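These notes concern the structure reproduced below.
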Amino acid sequence: MRPRPPVKGRGIFSGTGLVIAALAATAAALLYPLWSYADHQNPAAGATVLSTQTVTTPYGPLSAQDRDFITKVRLAGLWELPAGELAERKGTTEAVRTAGQHLVDGHTSLDAHVRTVATQLGVPLPNEPNAQQQQWLDTLKTAQGQDFDRRFAGILRLAHGRVFALVAEVRAGTQNSLVRDLADDANATVLDHIKVLEATGYVDFAALARELAASPSPVPTPPAVNPSAAVPVTPSPGESYSLPPATTSPPPVTSGS
């Protein structure tokens with residue numbers, strides 16, 4: 013019997029074709045992890061990396077920026093309340109002493125709020141100012157007379173200007189309801205402090221603009237503790253002041269005083 017000729021078009025199903033297909037599948041399986049790795053090196057994949065910094069809470073997602081904001085609100089109270097007490101004692105004008113009273117009152121309330129939020133969200137808090145803030149406090153402790161007034165208004169107005177921008181950014185973007193409430197409180201407090209500091213008449217707005225335009229050097233955050241171990245920021249014992257309204261216009265500054 014004569015052999016039957018091969019049927020055209022069935023080569024792919026032959027033994028050789030099956031071997032080739034198996035080799036191709038194996039090569040694809042080996043190359044896939046390399047393609048996946050390359051995708052993760054793409055900057056466009058940054059959102060995946062950033063998402064790992066956000067944790068789920070009963071009050072909405074808590075981002076790394078949210079946690080940083082909570083820490084910064086706490087840090088502000090740790091040095092601005094003592095600075096306010098210095099102004100109450102050392103200020104040479106009523107406007108400077110009034111600004112100091114607003115700082116003490118505002119940060120007593122705001123610190124209680126931030127400690128409550130930190131406890132609910134499990135965010136650790138520092139118990140001492142950072143190095144830059146401690147340096148500012150040391151400067152105010154040694155300054156006297158009208159030099160103190162100028163330094164107090166200039167340093168505190170600069171610090172409030174920087175945090176004011178952060179508050180707005182967090183309030184606009186946070187998905188966490190507790191952080192939103194804290195940002196609302198911080199916004200009202202910081203704006204009040206900006207107004208009373210400007211009302212002292214000692215803010216150099218040209219110098220302030222230059223300082224705000226410059227990028228501040230990063231300052232390490234002091235070690236954090238469990239929220240339950242965070243020491244409340246409160247006025248010093250025996251120093252109780254009624255809170256007058258913000259001064260609407262600065263008092264005249266006489267030369268040589």
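The opening position of the sequence shown corresponds to residue 13 in the working numbering, with each subsequent residue numbered one higher. Virtual Cβ for every residue (Gly too), placed ideally from N, Cα, C. Fair warning: this is a prediction, and the values are worked out from it, not measured in the lab.
Just to confirm, is the Cβ distance from threonine 105 to threonine 212 under 9 Å? If you number the sequence shown from 1, residue 105 lands on position 93. If you number the sequence shown from 1, residue 212 lands on position 200. Contact: yes.
Which residue from His205, Asp80, Val182 puts its Cα closest to that of proline 138? As a first step, residue 138 must be located in the sequence shown, where it is residue number 126. Comparing Cα-Cα distances from proline 138 to each of His205, Asp80, Val182, the minimum goes to Asp80.
Can you tell me the Cα-Cα spacing of arginine 86 and valine 191, whole angstroms? Within the sequence shown, numbered from 1, the residue matching residue 86 stands at position 74. Within the sequence shown, numbered from 1, the residue matching residue 191 stands at position 179. Arginine 86 and valine 191 have their alpha carbons spaced roughly 13 Å apart.
When the distance is taken between beta carbons, is alanine 99 closer than 9 Å to phenylalanine 160? By one-based count along the sequence shown, residue 160 stands at place 148. By one-based count along the sequence shown, residue 99 stands at place 87. A contact, by the Cβ cut-off of 9 Å.
Leaving out the 5 sequence neighbours to the left and right, which residues in its chain are closer than 6 Å to threonine 246 when beta-carbon positions are compared? In the sequence shown, residue 246 corresponds to position 234, counting from 1. The beta carbon of threonine 246 is closer than 6 Å to those of Thr120 in its chain, skipping five residues each way along the sequence.
Could you check where the alpha helix (DSSP H) with aspartate 159 kicks off and where it finishes? The residue labelled residue 159 in the question sits at position 147 within the sequence shown. From DSSP, the alpha helix (DSSP H) with aspartate 159 extends over 157-185.
Which whole-angstrom value describes the C-beta separation of aspartate 117 and glycine 89, a residue pair presumed to lie in contact below a C-beta threshold of 8 Å? Taking the first residue of the sequence shown as position 1, residue 117 is located at position 105. Taking the first residue of the sequence shown as position 1, residue 89 is located at position 77. Contact between aspartate 117 and glycine 89 is ruled out by a C-beta separation of about 12 Å, above the 8 Å threshold.
Alanine 236 bridges to which residues according to DSSP? Residue mapping note: residue 236 aligns to position 224 of the sequence shown, counting from 1. In the DSSP output, where bridge partners are listed per residue, alanine 236 has Pro138.
Top-ranked residue by Cα proximity to arginine 169, from Gly134, Gln145, Asn142, Ile206: Translated into positions along the sequence shown, residue 169 becomes position 157. Nearest C-alpha to arginine 169: Ile206.
In angstroms with no decimal places, state the Cα-to-Cα distance between tyrosine 249 and asparagine 238. Translated into the one-based positions of the sequence shown, residue 249 becomes position 237. Translated into the one-based positions of the sequence shown, residue 238 becomes position 226. The amino acid at residue 249 is misidentified as tyrosine; the sequence shows proline. The alpha-carbon separation between proline 249 and asparagine 238 amounts to approximately 25 Å.
Is valine 67 helix, strand or coil by DSSP? Start at 1 with the first residue of the sequence shown, and residue 67 comes out as number 55. Valine 67: strand per DSSP, three-state reduction.
Count the other CB atoms, across all protein chains shown, that sit within 10 Å of the CB of leucine 203; report buried if there are 16 or more and exposed otherwise. As a position in the sequence shown, residue 203 is number 191, starting the count at 1. By the neighbour-count rule (16 or more Cβ atoms within 10 Å), leucine 203 is not buried but exposed.
Within its chain, find whatever has a CB closer than 8 Å to the CB of isoleucine 82; leave out the 5 residues flanking it on each side and keep chain order. Working through the sequence shown from its first residue, we reach residue 82 at position 70. Val126, Val129, Ala130, Leu133, Val135, Leu137, Val191, Leu194.
Buried/exposed call for valine 243, threshold 16 Cβ in 10 Å: Reading the sequence shown from its first residue, position 231 is the one you call residue 243. Exposed, because fewer than 16 other Cβ atoms sit within 10 Å of the Cβ of valine 243.
Other residues of its chain near glutamine 65: CB distance less than 7 Å, five sequence neighbours each side excluded: Taking the first residue of the sequence shown as 1, we reach residue 65 at position 53. Around glutamine 65, the same chain offers Ser75, Ala76 as residues with beta carbons nearer than 7 Å, after the five sequence neighbours per side are excluded.
Could you pull out every unbroken alpha helix (DSSP H) segment of at least 4 residues lying fully inside the region 81-139, listed in chain order? For the region 81-139, whole alpha helix (DSSP H) runs of length 4 or above, ordered along the chain, are 106-133.
Residue burial classification, glutamine 156 (beta-carbon count within 10 angstroms, cutoff 16): In the sequence shown, residue 156 corresponds to position 144, counting from 1. By the 10 Å Cβ count, glutamine 156 comes out exposed.
Proximity winner among Gly166, Tyr71, Asn142, relative to leucine 152 (alpha-carbon distances): One-based indexing of the sequence shown puts residue 152 at position 140. It is Gly166 whose Cα lies nearest to the Cα of leucine 152.
How long is the line joining the alpha carbons of serine 63 and glutamine 147, rounded to whole angstroms? As a working note, residue 63 is residue 51 in the sequence shown. As a working note, residue 147 is residue 135 in the sequence shown. Note that serine 63 scores a pLDDT of 49, beneath 50, so its modelled location is shaky and nothing firm can be said.
Given that a residue counts as buried once 16 or more other Cβ atoms are within 10 Å of its Cβ, and exposed if not, what is alanine 218? As a position in the sequence shown, residue 218 is number 206, starting the count at 1. By the 10 Å Cβ count, alanine 218 comes out exposed.
According to DSSP, what are the bridge partners of leucine 74? One-based indexing of the sequence shown puts residue 74 at position 62. Answer is Val67.
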